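These notes concern the structure reproduced below.
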Amino acid sequence: MKTTLLVLLAAVFTDAQFSGLMFFKDSGDCPQQTASESQTSWTYDAGSGNLCFSNPYGNDDLDAAFSGELIGTNAVAPKKFGGCPTSSCDSDCTTVDVEASGNGVQVDCAQFSGASYIYLGHSMSAWIGTSQYLDYFDNPDSNLQGGITASMSAGSFAGAIGAGPLSDYLGRRYALMIASGIWIIGAAIQCSAQNVTHLVAGRVVSGLAVGITSSQVCVYLAELAPARIRGRIVGIQQWAIEWGILIMYLIAYGCSVGISGPAAFRICWGIQGVPGLILLVSLFFFPESPRWLASKERWEDCLDTLAALHANGDRSDPVVQVEFEEVQEAARIAQQAKDISMFALFGPRLWKRTVCGMTVQMWQQLLGGNVAMYYVVYVFEMAGMTGNATLYSSAIQYVIFLVTTGVMLPRIDRIGRRPLLLAGSVACMALHFAIAGLMASHGHYVSEVNGNSNLRWSISGPAAKGVIACSYIFVGIYGLTWAPTAWIYCSEVFPLKYRAQGVGISAATNWIFNFALAYFVAPAFTNIQWKTYIIFGVFCAAMVFQIFLMYPETARKSLEEIDIVFDTNVKPWQTGKINDIFQQEVEHHREQAEKKEAPSHHEEV
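All letters in the sequence shown, in the order written, are residues -16 to -1, 1 to 589 by mature numbering (1 follows the signal peptide of the UniProt record, and there is no 0).
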């Protein structure tokens, strides 16, 4: 089942399809070779029978060139191979087109699960400056507006805390179904809001749904996705957030300029229930997490799901067998552990993982990205914009956010988590300080801005344009780095038995800081003006040190391999070079399987 709305999500997933790789018999004593990163093709020497390969995934650590007798194809890239020198493949080599194998089940699951994050498009930023909203709710002051904005975060905190036990008991899929139903109820309450209390109640109910989805969608997708594209698949949730923000902002803009009275925001808040209904229906057609099935000892269902995800239903495929063995072992270890307790996440075995998961979510908020989304209208009003110009400029920011994250998703696994988090922190720190400097040196105190007494700082001229430009650049940097990476990272660091609980606590950390900032920023703009940006700049500086010293690299590693990374004493800044044990096991299984089968490949001259 496909819908028009989800077609919007499809473009970034194209690159997530499997690409077939060739596996070879032992090529004897041929030396290991390193291929140029720029080479990304197969070549076939008809005279010698050699097939030469070079780096189709652009992975700097795993370049290889090898040749030998072709024995099969599959959608996994072995990280180490002995191969004949590339010089043995002479100029007569013919390019071989390796067609995609595998299927798009993960992609479809990611599309529909990612749709749940369109929930988060319901932001107050589009309404806090409109006459319809201000008149109906009696011009809430900065403290009250902060409370209204933060109320959804409060509900999200509660939802995230309860999501782990719910997901472990019922399964990832059914937890998301429940969240969808709660979201629809919350949308109805908000749509019918008669006063601020009524509105806050609806936002709290909707927040419960957001808390469940924010913690469990990334768990669901991480447990479905293969290691080499897990970042892209899990990152879909952030991209869906950004689609939701843009779509709901544009709907809100259309309602605010085309409809008078409270009907403007009621229609908009009612429409937000649609993605909840889409997700609820679509989840009936997608599989349960194979790792959750393993935790319940439903081994046949687990194997069937892995086969459907990785090998078009072939249960005997070596990739499926290796991953099934790893999942079995992880489940066995989990069963030997004591019953799950939230306190166990802070014990000697797990505290490092918990600190990484919780702090990456904390830093995502303290970086200031969501503040830009919540209060972008305030920033542009302080920079001298009025009326529709403020709304247009805000829409441009959301488009930048959407485009930059979409550009990054196909590359996020190749670049890695640590480089993106570190680079994003440094760049955002510089931009916060730049905005603070411009406002401090060229702005001045005022009693109100455009009749809004919550704003008491104004800046004009070229400096105002500089503030707007820095705001756009900030959103672009945030979209390229922290926006997708933080959710990916926290979904990867916890072991199977504690994953739902751990990601739930991490998401709860995100939402408690989201609540604090949503409530704090409006009064901060009123009372300390430009100094607000100094505070966020200091947060960015602090996170650089913790990320460098504590966060191991998780990209291109299976979830079971990440367990090994945390259980060893390897320094976090050295973990990007750890060999891929899973792929070595795949190679071994491939060499043992179907040796008598005739080779087959598609050759194009």
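Glycine included, C-beta positions come from ideal geometry on N, C-alpha and C.
Every value quoted in this text rests on a predicted model; they were computed, and no experiment measured them.
- In the three-state DSSP reduction, Trp441 falls in the strand class (E or B).
- In this structure, Arg275 is the residue among Arg275, Leu287 and Ala292 with its C-alpha nearest to the C-alpha of Ala315.
- Relative to Leu277, the option among Gly521, Lys481, Arg540 and Ala492 whose CA is nearest is Lys481.
- Shown here, Val184 sits in a helix according to DSSP, grouped into three states.
- Separation of Ala407 and Thr465 (C-alpha to C-alpha, rounded to the nearest whole angstrom) is 8 angstroms.
- Cα atoms of Ser244 and Gln116: separation of roughly 7 angstroms, rounded to the nearest angstrom.
- Rounded to the nearest angstrom, the Cβ distance from Ile384 to Tyr456 is 6 angstroms, consistent with a contact under 8 angstroms.
- Listed in chain order, the non-local C-beta contacts of Ile166 below 7 angstroms within the same chain comprise Val189, Leu192 and Ala193, local neighbours out to five positions each way being set aside.
- In the same chain as Leu375, and ignoring 5 residues on each side of it, the C-beta atoms closer than 6 angstroms to its own belong to Tyr237, in chain order.
- At the C-beta level, Tyr204 and Ser273 come within 8 angstroms of one another.
- Under the DSSP definition of a beta bridge, Asn436 partners with Val433.
- When the Cα atoms are used, Glu365 and Cys239 turn out to be separated by approximately 21 angstroms.
- Judged by beta-carbon spacing, Arg156 lies within the 8 angstroms limit of Gln200, meaning their Cβ atoms are closer than that value.
- Under the DSSP assignment, Met326 falls outside any alpha helix (DSSP H); it carries neither an H nor an E label.
- For Ile255, the enclosing alpha helix (DSSP H) has its first and last residue at Ala247 to Ile255.
- Burial is judged here by how many other beta carbons sit within 10 angstroms of a residue's own beta carbon; Ile217 has at least 16 and is buried.
- Taking all protein chains shown into account, His428 has fewer than 16 neighbouring C-beta atoms within 10 Å of its C-beta and is therefore exposed.
- Less than 8 angstroms divides the Cβ of Ile235 from the Cβ of Ile255.
- In this structure, Pro259 keeps its C-beta atom at 8 angstroms or more from the C-beta atom of Ala292.
- Taking a 10 Å sphere around the C-beta of Glu432, we find fewer than 16 other C-beta atoms and assign the residue as exposed.
- About 16 angstroms separates the beta carbon of Trp514 from that of Met413, a gap too long to meet the 8 angstroms contact definition.
- Met534 is positioned such that its CB atom lies closer than 8 angstroms to that of Cys340.
- The residues Arg299 and Phe308, in chain order, have a CB closer than 6 angstroms to that of Leu287 in the same chain once the five nearest residues on each side in sequence are set aside.
- As summarised for the stretch 194 to 261, there are no continuous beta strand (DSSP E) elements at least 3 residues long confined to that stretch.
- By the neighbour-count definition (other C-beta atoms within 10 Å, threshold 16), Ser176 is an exposed residue.
- Ile461 sits away from Ala367, with the two beta carbons spaced by 8 angstroms or more.
- Cβ atoms of Ala491 and Ser198 come within 8 angstroms of each other, at about 5 angstroms.
- The C-alpha of Gln485 is placed about 7 angstroms away from the C-alpha of Pro149.
- CA-to-CA, the gap between Asn127 and Ser437 works out to about 12 angstroms.
- Looking only at Ala142, Leu404 and Gly186, the smallest Cα-Cα distance to Ile196 is reached by Ala142.
- Straight through space, the alpha carbons of His294 and Ile251 are spaced by roughly 43 angstroms.
- By the beta-carbon neighbour count (other beta carbons within 10 angstroms, threshold 16), Trp335 is exposed.
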